[in-house]
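Engineer:
4 protein chains.
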Amino acid sequence: MYNIAILGASGYTGAELIRLISGHSSMQIKALGGNSKAGQSMAEVFPHLRHLDLPALVTIDDIDFSQIDLCFCALPHKTSQEVIAKLPADLKIVDLSADFRLRDPEAYKKWYGNDHAALDQQKEAVYGLTEFYREEIKAARLVAGTGCNAATGQFALRPLIAAGLIDLDDIIMDLKCAVSGAGRSLKENLLHAELSEGYHAYAIGGTHRHLGEFDQEFSAVAGRPVKVQFTPHLVPANRGILATCYVKGDALAIHGELEKVYADEPFIEVLPLGEAPSTRHIRGSNFCHVGVVQDRIDGRAIVVAALDNLTKGSSGQALQNANLMLDIAETEGLMMAPLFP
Amino acid sequence: MYNIAILGASGYTGAELIRLISGHSSMQIKALGGNSKAGQSMAEVFPHLRHLDLPALVTIDDIDFSQIDLCFCALPHKTSQEVIAKLPADLKIVDLSADFRLRDPEAYKKWYGNDHAALDQQKEAVYGLTEFYREEIKAARLVAGTGCNAATGQFALRPLIAAGLIDLDDIIMDLKCAVSGAGRSLKENLLHAELSEGYHAYAIGGTHRHLGEFDQEFSAVAGRPVKVQFTPHLVPANRGILATCYVKGDALAIHGELEKVYADEPFIEVLPLGEAPSTRHIRGSNFCHVGVVQDRIDGRAIVVAALDNLTKGSSGQALQNANLMLDIAETEGLMMAPLFP
Amino acid sequence: MYNIAILGASGYTGAELIRLISGHSSMQIKALGGNSKAGQSMAEVFPHLRHLDLPALVTIDDIDFSQIDLCFCALPHKTSQEVIAKLPADLKIVDLSADFRLRDPEAYKKWYGNDHAALDQQKEAVYGLTEFYREEIKAARLVAGTGCNAATGQFALRPLIAAGLIDLDDIIMDLKCAVSGAGRSLKENLLHAELSEGYHAYAIGGTHRHLGEFDQEFSAVAGRPVKVQFTPHLVPANRGILATCYVKGDALAIHGELEKVYADEPFIEVLPLGEAPSTRHIRGSNFCHVGVVQDRIDGRAIVVAALDNLTKGSSGQALQNANLMLDIAETEGLMMAPLFP
Amino acid sequence: MYNIAILGASGYTGAELIRLISGHSSMQIKALGGNSKAGQSMAEVFPHLRHLDLPALVTIDDIDFSQIDLCFCALPHKTSQEVIAKLPADLKIVDLSADFRLRDPEAYKKWYGNDHAALDQQKEAVYGLTEFYREEIKAARLVAGTGCNAATGQFALRPLIAAGLIDLDDIIMDLKCAVSGAGRSLKENLLHAELSEGYHAYAIGGTHRHLGEFDQEFSAVAGRPVKVQFTPHLVPANRGILATCYVKGDALAIHGELEKVYADEPFIEVLPLGEAPSTRHIRGSNFCHVGVVQDRIDGRAIVVAALDNLTKGSSGQALQNANLMLDIAETEGLMMAPLFP
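Chains A, B, C and D are the protein sequences, given in the same order. In this text, residue positions in the first sequence follow the UniProt record's numbering: the first is 1, and each later residue adds one. In this text, residue positions in the second sequence follow the UniProt record's numbering: the first is 1, and each later residue adds one. In this text, residue positions in the third sequence follow the UniProt record's numbering: the first is 1, and each later residue adds one. In this text, residue positions in the fourth sequence follow the UniProt record's numbering: the first is 1, and each later residue adds one.
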């Protein structure tokens, strides 16, 4: 039984980690850190977890990390790097924030606006897109979970860019994100009365921070700079990301490549050619559905990927990585079926 | 490994059974029956289950029941009794329909409008409210799953009626049900455009069929006729039932009795006195949360129960019963945490 | 053309007033006050009003009230009394807050926790339930809009209490409120991710402040103290209140009385006996639908009322009262049909 | 006062027409046709209209068209052409179906699969995109309402294609449609339990019928064939269409052109450069908001348009056209503000 700590346990990704680990056969939660709600029980903070026998929330300073085998950091961006810089240097860590996703400190500063406060840790961090960094993750001490949008887009496009199957200069990704991706922060536009029954584009024109990840990863696999066009939309649903990608390439070849690359992946389902996924069919699960459709215009294809932002997009992915780091079966605790309806 | 058949696998309770059984350590799905969609794969009927290796849907006649250890019937009311009458007489069955809930054929006819077509089976059927019929269920061949509303109301009130703690002639139950309780039937008022952003009372005035169960069970435990007032409401959510029960009695005594009765129950959580549950905290799980609050008027209390209609209200309850019938741990496959947010 | 000022124009009831007045033939908006967002245009604060030619938001101190014929105060409770105390003594005011609803300063203090800071104005304030205070409102300088829940419950029950048709000691009101009733305040439980797909009771046990209004008004019409039991629930919808009232009395007599009392009311629709209303059928309108159903238990009836909390429950009611105060046709600007679907 | 008939009054666009006309100063509804629900009152079919004094539904054959000044046809596709072929040849008609949108019978057959059954009427029909066919509509007898998606996309792109400001061979339109656009038809995927909390692309790859309109209209204004890429998505909301259009051109020039073209339009609001619209800000209104944003990639812009599919997308547009045909002020009955929240 591995002892687990979760820092930032009062947010949505923290709660999702607890939900997943509660069904895991070889992990037990030993410490829950959450400075702002320290002293509260999880039954107060998240009544849906009241049936579980969980430690109360404590401040991070009050955690004895010598007892911990692996620590999930579900802290806000920027806070995460400050906290992780002070954690024991041999502690296995899966970070769910954006702090260690970008390898280049300059790129980090460009997208996040500040100098990185944990450059040493940044250097050793492995990018946590499991399906493409599996071996590195097994050997890693610090894994940086990918952005939820970044994961979705990469599941759709990364193999196609790597294989040279699509025009690298004309990739458009139109994302539709559910609201839990914005976290539990108190903002007017996240109120039910504001959001329900309406939807809109945001961070439009190429200003969303997850573009830093797309640029880094797509350029790396292409061996040359790749800049995609990316417009996220906020839709009135709680969980789910749908990435509709418009590419120039042959749909049949694209579909074949995705089927080949994901053939043995336990969580990536490639739909039959011509079918497109729905977020309702992956909710609450670690699965990602990918579909390919030929457009009526020759030489154009639409690739659509769907996943649950809190599961495969963050906490499920984090657990998948933790399994690898602890040499547990990769799918342990993650095979639950989606919740529908 | 027990071999399981599910009849009526193309409805919501059928899909929910498959979701739950997919995480069960000692059951495997051997046959899926669904006459109207026979020949289709489950990936077509329920794309969220496409990652599972499931048999295709077949007609019920095409199932070889000699290989089946236990059969779940998730068929529509009335169809269920006709089908079950023809199944092998020694086949263990958990029926999710309303057909075998009422012991008195007259009561059945009063509430459902037709003569019962399987009187022999009706006689041997055990009422499936696990927490109160545990021993009978262990020994049963045919268990009749309770109505989802009936289960919710009984979790709130049954111990209080049994203990004589409330006025039996003045019980009012105001239920708020989510829409999946109405099943996958094509009705105008179940369309998203009709239901979303609105709510209303239905079957108002005491015409809802689940009253047959309340009358039967509450009268049995009271040892005299008990008739409750019951008004269900349809609210724009997918899963969940919230029963707000207005009773005359002492809140402290009521709370104490519920705590005592449910002390060892794995799925019934009694909240601290003065707290009331929310459906959002049990979604997708087999848990039922019960709360008690003292009203400002002396001698009156409000008892509120919340559960997921598809899980604890039907398919989860059914699996709990099946576990007992097969001498498996009662909680096997059912301890997943709720999905929030 | 009457010149109108709205204080608190950056909240939902303020926006609703602007929506309604934009279609009014003899009112024009001259000033919009909102201290926290002073300096912003309404197109920034409420983009759905961007097609209107509206004054920018200013601080209340910057409004020249000598030009104003009538002022709507849509300010938070407690702020409202402080502001109104300083407004010109002859300015016609419709207040949408709770500050002037309770006539008895002791009752006010009991429910709101503080001494009233504008006792002079409190004395002259008229309770704004138009259908029952029409003549007083016509003559009033300061009208106190009713609580949205209080209005809904009174439309269902007030005539029955006045006529002595129901047992005054056994009235239970189970309300279901949409989320816009909680205003535009930043609270965790009002986030879309928290509220959507779940519902719960709150202020349970008789602690909701609108009980102060029920107690005052029901006792007044009964000529003796009347205390109702009242439990509000928050449901995942934006607009609407549904009050399900459980009473002891004769359904036929009750229905007849409601039909008689509301026969000439332009906004109160009594449904045929046996039918119950839905919030989806009054959304965005000033209508209130009332239905009566006989319960299966003799001598008991269920009275259900539905209205839109932002319209008939607050801003529509306020405009109706303002029309009376300015001697304009009572229905002017208020006859728009509900928005469905 | 003009006498109005509405055929197909039991669908959503029929109900929306009644809502709008109920606030119109010079139209009165004389006849409501709806074969499947003939004999029912509108209060039964649409309880939200119960406060209106409306004729009961009758069969179309029972309507005396000699008394009618203008007839709205809100019938299903294909039925509409059969009915209109038999109506009096001098009756002014606004058709809301797809039947008369395409001028070329071959194009009609290609997209709708059948030969047109009213070729004479098809010849005289005027395409009902008011802002671009105003003069033709004033003189028309039969106006064909545009598709709701087709209207949204044209408001975003038509002026840009006409002005030669964007690359005609690389236009991608990603639409997000609310569910009322699918009408009141009983389909499994329109059930609340299916649709709520999920979203997906449909008619993907260029098979949506509104492409017939885009092809016809964009090619006409460009003076050469233009084929756009178009992917609609269904999102869990009731009203609204958001068209996110990816174009190659200069954002500043694009924004300037849209501002110029729509400068005097009462219903088209061009947002400041860099801002994008939301469907929540046009719900229930006849307004269309259009925004332009420069992408981070040089030479690319995103144009986003939002409207309410039932209002500006169909019934509001139809009333706007009817106003022109009857020489009434174009905005009469259509200036109501959006409903938010």
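Backbone N, C-alpha and C fix where the C-beta goes; we use that ideal spot for every residue, glycine too. Here the structure is a predicted model, which means the values were calculated and not measured.
Spell out a yes or no on whether the region 317-336 of chain A and the region 172-184 of chain A are touching, meaning 3 or more CB-CB pairs, one atom from each, closer than 8 angstroms.
Structural biologist: Because the criterion of three Cβ pairs below 8 angstroms is not met, the region 317-336 of chain A and the region 172-184 of chain A do not touch.
Engineer: Got a sec: which bits of the region 12-34 of chain C sit with their beta carbon under 8 angstroms from any beta carbon on chain D, in order along the chain?
Structural biologist: Result list: 12, 15, 18, 19, 22, 23.
Engineer: Roughly how many whole angstroms lie between the Cα atoms of residue 139 of chain D and residue 71 of chain D?
Structural biologist: Roughly 16 angstroms separates the two Cα atoms.
Engineer: Are three or more beta carbon pairs between the region 314-326 of chain B and the region 298-307 of chain C nearer than 8 angstroms?
Structural biologist: These segments do not touch.
Engineer: Find out if the Cβ-Cβ distance for the pair residue 180 of chain C, residue 55 of chain D is shorter than 8 angstroms.
Structural biologist: No, they are not a contact pair.
Engineer: Beta-carbon of residue 217 of chain B versus every beta-carbon of chain D: anything under 8 angstroms?
Structural biologist: Taking Cβ atoms only, chain D never reaches closer than 8 angstroms to residue 217 of chain B, which makes this a no.
Engineer: From the DSSP output, which residues share a beta bridge with residue 92 of chain C?
Structural biologist: Its beta-bridge partners are C/70.
Engineer: Mind listing which residues of the UniProt domain "Semialdehyde dehydrogenase NAD-binding" (3-140) of chain D have their C-beta closer than 8 angstroms to chain C's C-betas, in chain order?
Structural biologist: Going along the UniProt domain "Semialdehyde dehydrogenase NAD-binding" (3-140) of chain D in chain order, one finds 12, 15, 18, 19, 22, 23, 46, 47, 48, 49, 50, 51, 52 with a Cβ nearer than 8 angstroms to chain C.
Engineer: Please determine, among B/137, B/83, B/148, B/132, the residue with the shortest C-alpha to C-alpha distance to residue 117 of chain B.
Structural biologist: If we check each option's Cα against that of residue 117 of chain B, B/83 comes out closest.
Engineer: Measure from the C-beta of residue 279 of chain B to each C-beta in chain C and report whether the shortest distance is under 8 angstroms.
Structural biologist: Judged by the 8 angstroms Cβ criterion, residue 279 of chain B is in contact with chain C.
Engineer: Relative to the alpha-carbon of residue 265 of chain D, which residue among D/243, D/221, D/335, D/239 has its alpha-carbon at the smallest distance?
Structural biologist: Among D/243, D/221, D/335, D/239, the Cα nearest to that of residue 265 of chain D belongs to D/335.
Engineer: How big is the Cα-Cα spacing for residue 86 of chain D and residue 75 of chain D?
Structural biologist: Whole-angstrom Cα-Cα distance: 14 angstroms.
Engineer: Nearest-angstrom Cα distance between residue 212 of chain B and residue 147 of chain B?
Structural biologist: Residue 212 of chain B and residue 147 of chain B: Cα-Cα distance of roughly 10 angstroms.
Engineer: Would you call the region 2-19 of chain C and the region 22-42 of chain B touching, i.e. three or more CB-CB distances under 8 angstroms?
Structural biologist: They do not touch, by the three-pair rule.
Engineer: Whether or not the region 184-204 of chain A and the region 184-194 of chain C are in contact is what I'm after, with contact meaning three or more pairs of Cβ atoms, one per stretch, closer than 8 angstroms; do they touch?
Structural biologist: Yes, the region 184-194 of chain C is in contact with the region 184-204 of chain A.
Engineer: Which full runs of the alpha helix (DSSP H) of 4+ residues lie inside the region 230-273 of chain A, going along the chain?
Structural biologist: List check, alpha helix (DSSP H) in window: 251-261.
Engineer: For residue 53 of chain B and residue 31 of chain B, what's the separation of their Cα atoms in angstroms?
Structural biologist: Their Cα atoms are separated by approximately 12 angstroms.
Engineer: Show which residues of chain A have a CB atom less than 9 angstroms away from the CB atom of residue 203 of chain D.
Structural biologist: Going along chain A, no residue has its Cβ under 9 angstroms from residue 203 of chain D, so there is no contact; the nearest lies around 10 angstroms.
Engineer: Would a check of beta-carbon distances place residue 190 of chain C closer than 8 angstroms to chain A?
Structural biologist: Judged by the 8 angstroms Cβ criterion, residue 190 of chain C is in contact with chain A.
Engineer: With a 10 Å radius around its C-beta and 16 neighbouring C-beta atoms as the bar for buried, classify residue 135 of chain C as buried or exposed.
Structural biologist: The residue is exposed, with fewer than 16 neighbouring Cβ atoms inside 10 Å.
Engineer: Nearest-angstrom Cα distance between residue 369 of chain A and residue 306 of chain A?
Structural biologist: Shown here, chain A extends from 1 to 341; a query on residue 369 of chain A therefore has no answer.
Engineer: Bridge partners of residue 2 of chain B, per DSSP?
Structural biologist: The partner list for residue 2 of chain B (beta bridge, DSSP) reads B/27.
Engineer: Does DSSP put residue 300 of chain C in a helix, in a strand, or in coil?
Structural biologist: Of the three classes helix, strand and coil, the one that applies to residue 300 of chain C here is strand, per DSSP.
Engineer: Please look up how many angstroms separate the CB atoms of residue 321 of chain B and residue 14 of chain B, rounded, as I've assumed it's under 8 angstroms.
Structural biologist: With a Cβ gap of about 16 angstroms, residue 321 of chain B and residue 14 of chain B do not count as contacting.
Engineer: Within the same chain, show all residues whose beta-carbon is closer than 6 angstroms to that of residue 111 of chain B, passing over the 5 residues directly before and after it, in chain order.
Structural biologist: Closer than 6 angstroms at Cβ, skipping near neighbours: 209, 212.
Engineer: Spatial neighbours of residue 311 of chain C within its chain, please: C-beta separation below 7 angstroms, excluding the five flanking residues on both sides.
Structural biologist: Closer than 7 angstroms at Cβ, skipping near neighbours: 16, 284, 285, 286.
Engineer: Show which residues of chain D have a CB atom less than 9 angstroms away from the CB atom of residue 145 of chain A.
Structural biologist: The contacting residues do not exist; residue 145 of chain A stays about 24 angstroms from chain D at best.
Engineer: Going by beta-carbon coordinates alone, are residue 104 of chain B and residue 145 of chain B separated by less than 8 angstroms?
Structural biologist: Contact flag unset, no.
Engineer: What number of angstroms, rounded off, separates the C-alpha of residue 237 of chain C from the C-alpha of residue 125 of chain C?
Structural biologist: Cα to Cα, residue 237 of chain C sits roughly 33 angstroms from residue 125 of chain C.
Engineer: Have a look at D/257, D/192, D/154, D/273 and flag the residue whose alpha-carbon is nearest the alpha-carbon of residue 218 of chain D.
Structural biologist: Residue 218 of chain D has its Cα closest to that of D/154, out of D/257, D/192, D/154, D/273.
Engineer: Along chain B, in chain order, which residues have C-beta atoms closer than 9 angstroms to that of residue 179 of chain D?
Structural biologist: By Cβ distance, chain B contributes 191, 192, 193, 196.
Engineer: Below 9 angstroms on C-beta distance, what does residue 184 of chain C contact in chain A?
Structural biologist: Per Cβ cutoff of 9 angstroms: 188, 191, 193, 194.
Engineer: Find the nearest neighbour of residue 273 of chain B within the set B/206, B/254, B/107, judged by alpha-carbon distance.
Structural biologist: Closest option to residue 273 of chain B, Cα to Cα, is B/254.
Engineer: Taking DSSP as the reference, what is the three-state secondary structure of residue 228 of chain A?
Structural biologist: If DSSP states are grouped into helix, strand and coil, residue 228 of chain A belongs with coil.
Engineer: Go to residue 215 of chain B, then tell me how far its alpha helix (DSSP H) extends in each direction, as first and last residue.
Structural biologist: Where residue 215 of chain B is concerned, the enclosing alpha helix (DSSP H) stretches over 210-222.
Engineer: Using a Cβ cut-off of 8 angstroms (strictly closer), state whether residue 338 of chain C contacts chain B.
Structural biologist: Not one chain B Cβ lies under 8 angstroms of residue 338 of chain C.
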